[in-house]
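Reviewing the structure listed below.
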Amino acid sequence: MRKYNLSNISGVLFRKSVAAEQDNNGSNEKDSHVGKADENTERGNWSSKREYMLSMIGYAVGLGNVWRFPYLAYKHGGGAFLIPYTIMLAVAGLPMFFMESSFGQFCSQGPINVWKAVPILQGVGITMMLVSTFVAIYYNVIIAYSIYYLFASFQYPLPWSATDCNSTALNVTSETQTCQNASTAGQSPSEKYWDEVALQRTSSMNETGPVVWHLALCLLLAWILVGAALFKGIKSSGKVVYFTATFPYVVLFILLIRGVTLEGAKDGIEFYIGSKSNLTKLADSEVWKDAATQIFFSLSVAWGGLMTLSSYNKFYNNSYQDSIIVCITNCGTSVFAGFAIFSILGHMAHVYQKPVSEVADAGFGLAFIAYPDALSKLPISPLWSILFFFMLITLGLDSQFAGIEVITTCLQDAYPKLLKSKRGIITTTVCILLFLLGLPCVTGAGIYWVNLIDTFCAGWILLVAGLLEVLGLSILYGGNRFIKDIEMMIGSKSALFWLWWRACWFFITPVVLSIVLVWSLYTFTSPTYGSVAYPDWGLALGWCMTAFCLIWIPILAVWNVYKASGSPWQRIKAACSPTEDWGPYLECHRGERYSTGEAADPNVIPNKFTTRL
17 MRKYNLSNIS GVLFRKSVAA EQDNNGSNEK DSHVGKADEN TERGNWSSKR EYMLSMIGYA
77 VGLGNVWRFP YLAYKHGGGA FLIPYTIMLA VAGLPMFFME SSFGQFCSQG PINVWKAVPI
137 LQGVGITMML VSTFVAIYYN VIIAYSIYYL FASFQYPLPW SATDCNSTAL NVTSETQTCQ
197 NASTAGQSPS EKYWDEVALQ RTSSMNETGP VVWHLALCLL LAWILVGAAL FKGIKSSGKV
257 VYFTATFPYV VLFILLIRGV TLEGAKDGIE FYIGSKSNLT KLADSEVWKD AATQIFFSLS
317 VAWGGLMTLS SYNKFYNNSY QDSIIVCITN CGTSVFAGFA IFSILGHMAH VYQKPVSEVA
377 DAGFGLAFIA YPDALSKLPI SPLWSILFFF MLITLGLDSQ FAGIEVITTC LQDAYPKLLK
437 SKRGIITTTV CILLFLLGLP CVTGAGIYWV NLIDTFCAGW ILLVAGLLEV LGLSILYGGN
497 RFIKDIEMMI GSKSALFWLW WRACWFFITP VVLSIVLVWS LYTFTSPTYG SVAYPDWGLA
557 LGWCMTAFCL IWIPILAVWN VYKASGSPWQ RIKAACSPTE DWGPYLECHR GERYSTGEAA
617 DPNVIPNKFT TRL
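Residue numbers (the numbering used here): 17 to 629.
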């Protein structure tokens, strides 16, 4: 087997991939991810615009809208959190969503190869792929939790209800089934079921405990579902999203209607958006940091998924219109889901005679404590529980599809000759490896691992990657040049149209992200799970994960400067200039500006020093 050193890898990633892949035109191998009507016969395209839009909405509208956004709103003062959330959407989320989706569509490449536009930032693409990999590991664990609760819902009464907490859908020992029928020590039966039965949680991360086999089997099932849906790439996942992207809205609407009819629901909604919101929380830097990262988490900015999904669009697709629709739909869903969450929290507060702010511990268990508790009190409770957890599964799968697509697309873009017709094999291999890597997350200490990865891989890194991305495109590549690229796809627009986007890309977005990042780092405190603190080795491991994702940015920046020719300044200029094969993937779309592989803009210095890697 051929061994690849750093030079080989960089060369493969930045080779003339268009020409390399076109060499395969004579191959007799059938590519299941390419259809007869596709514009791009090498990489394939979406079968229809509907499949793309549903996939983008499904990617953006995920578990975070039901599980993470209400949790952050609960944690940061209820409705007060909507203020920084909306501001971050306007100045960071939407401008970067438009930038990323246009970036990937323009060159029809994944998050690594798109940086042919600015080779010195190639490491940002690798960081995005690594973040998607880490998140995919724990995200499927949360889907596994939902699958377990779905199975546990096929019994009456529900096992976490106050009348019966001593049975589960699976056979486990009586010691792990202990769940008192009354709320004790401030803990509801559903909380005890979550900790002692579902998770079989140990006292700390130092105590790993055995693998919780019912969760391991659910995790295996989750990966089987993901692998089956992605076996043929976007051609198969595009069909699945017709159901998985629309079904959650039906269930959310039903649960909201039922929630607002419960006694005490008004108090919960008041805490969410009314006078009981805690505006003093706005002085906390963590609120603004979480608002920015939630926008990134929810809109999936700086993860690489937007570039990946949009790279399969036809060249003249209107990326601007798509960005507006997806962003509004996503954020509207978050707010909509918050009403359903807080109406039930209000009911729980009424039942337990406590303030809304004290009815449940903030954390990963919100969707697995508050909702199960409320659903157990409804007539025909198993039916509502089945619907709710099936909704969580579909929400999670949509986002997981795009996360895995990032990995497979990066691999296929890097090795087009070798992997062009092996989509199924690649997907299967990736799913198996990530399943094995996720097994520590389904041990007795699994929830600590999930929380650790989420803290260190879904926060700081996104801010850094997003900041470098917007600076790289607006300054190094050139914001005006990028606008001309977009106009090649969506048509010419007036200067007034671009005024807001220029203001955001050149100034507002970089400044906001920089302030949030510096402020957050300055006020950083060690994470905890509830009242349980992490050991020093756990925190060190978390920082190592962060460093592992980010280290590729300086490494590959130095490497690309080193591989260029000329004086030191010429090398830097070459590494900051587009490669000769940068531009639209298909020759028919390159036009005069990219007919020679370089921009025809007279104000742009041609990249004479870029080596043919």
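Backbone N, C-alpha and C fix where the C-beta goes; we use that ideal spot for every residue, glycine too.
Three-state secondary structure (DSSP) of alanine 580: coil
Exposure label - alanine 580; buried when at least 16 CB within 10 Å: buried
Per-residue burial, glycine 475 [other beta carbons within 10 Å of its own, 16 or more giving buried]: By the 10 Å Cβ count, glycine 475 comes out buried.
Status (buried if at least 16 other CB within 10 Å, exposed otherwise) for alanine 299: exposed
Alpha carbon of serine 316 to alpha carbon of leucine 325, nearest angstrom: 11 angstroms
Alpha-carbon spacing of isoleucine 360 relative to glycine 95, whole angstroms: 16 angstroms
Euclidean distance between Cα positions of serine 530 and isoleucine 250: 35 angstroms
Per DSSP, cross-strand counterpart(s) of valine 548: Tyr545
Under the three-state DSSP convention, the category valine 77 falls into: coil
Residues near threonine 309 by beta carbon distance below 8 angstroms, same chain, minus five either side: Same-chain partners within the cutoff: Ala474, Gly475, Leu478, Leu479.
Unbroken alpha helix (DSSP H) run spanning glutamine 310, endpoints: 301-315
Pair within 8 angstroms by beta-carbon distance, tryptophan 568 and phenylalanine 472: Going by C-beta atoms, tryptophan 568 is not nearer than 8 angstroms to phenylalanine 472.
Check whether alanine 330 and glutamate 55 have beta carbons under 8 angstroms apart: A small fix is needed here, since residue 330 is lysine in this sequence, not alanine. In contact: lysine 330 and glutamate 55 (Cβ atoms closer than 8 angstroms).
Leucine 79 to lysine 436 span [Cα, whole Å]: 32 angstroms
Meets three-Cβ-pair contact criterion under 8 angstroms: the stretch 139-148 and the stretch 443-455: no
Burial state of isoleucine 385 (16 or more Cβ within 10 Å): buried
Buried/exposed call for aspartate 66, threshold 16 Cβ in 10 Å: The sequence shown places arginine at residue 66, rather than the aspartate named in the question. By the Cβ neighbour-count rule, arginine 66 is exposed, with fewer than 16 other Cβ atoms within 10 Å of its own.
Distance, glycine 74 Cα to serine 652 Cα: Not covered by the structure: residue 652. The range shown for the chain is 17 to 629.
Supposed contact pair threonine 443 and isoleucine 254 - C-beta distance, whole angstroms, cut 8 angstroms: First, the amino acid is wrong: residue 254 is glycine here, not isoleucine. Wrong, their Cβ atoms sit about 14 angstroms apart, outside the cutoff.
Three or more C-beta pairs below 8 angstroms linking the stretch 386-405 and the stretch 266-275: Contact holds between the stretch 386-405 and the stretch 266-275, because three or more Cβ pairs, one in each stretch, are under 8 angstroms apart.
Cα-Cα separation, leucine 489 to threonine 544: Rounded to whole angstroms, the separation of the alpha carbons of threonine 544 and leucine 489 is 37 angstroms.
Meets three-Cβ-pair contact criterion under 8 angstroms: the stretch 113-122 and the stretch 456-468: no
Stretch pair the stretch 125-139 + the stretch 333-350: three plus CB contacts closer than 8 angstroms: no
Pairwise C-alpha distance: valine 548 and leucine 357: The question names leucine, but residue 357 is isoleucine in the sequence shown. Roughly 25 angstroms between the two C-alpha positions.
Unbroken alpha helix (DSSP H) run spanning cysteine 343, endpoints: 335-368
Length-filtered (4 minimum) alpha helix (DSSP H) runs lying within the stretch 223-301: 229-245, 250-260, 263-276, 281-289
Same chain, Cβ closer than 8 angstroms to glutamate 279, five either side skipped, listed in chain order: His363, His366
Proximity to leucine 411 [Cα-Cα], best of Tyr155, Thr149, Arg606: Looking at Tyr155, Thr149, Arg606, the one whose alpha-carbon comes closest to that of leucine 411 is Tyr155.
Per-residue burial, threonine 157 [other beta carbons within 10 Å of its own, 16 or more giving buried]: It is worth fixing the name first, because residue 157 is valine in this sequence and not threonine. The residue in question, valine 157, is buried, as its Cβ has 16 or more Cβ neighbours within 10 Å.
Option nearest aspartate 429 by Cα separation, candidates Trp62, Tyr601, Leu235, Ser64: The candidate whose alpha carbon is nearest that of aspartate 429 is Tyr601.
Glycine 507 classed as buried or exposed, judged by whether at least 16 other C-beta atoms fall within 10 angstroms: Under this definition glycine 507 is an exposed residue.
Pairwise C-alpha distance: threonine 224 and leucine 231: 15 angstroms
The stretch 524-539 touching the stretch 103-110, judged by at least three CB pairs closer than 8 angstroms: yes
Nearest residue (CA-CA) to tyrosine 493, options Leu468, Ala481, Phe522: Phe522
Beta-carbon proximity list for serine 611, same chain, < 7 angstroms, skipping 5 on both sides: none
Limits of the unbroken alpha helix (DSSP H) element including alanine 89: 85-91
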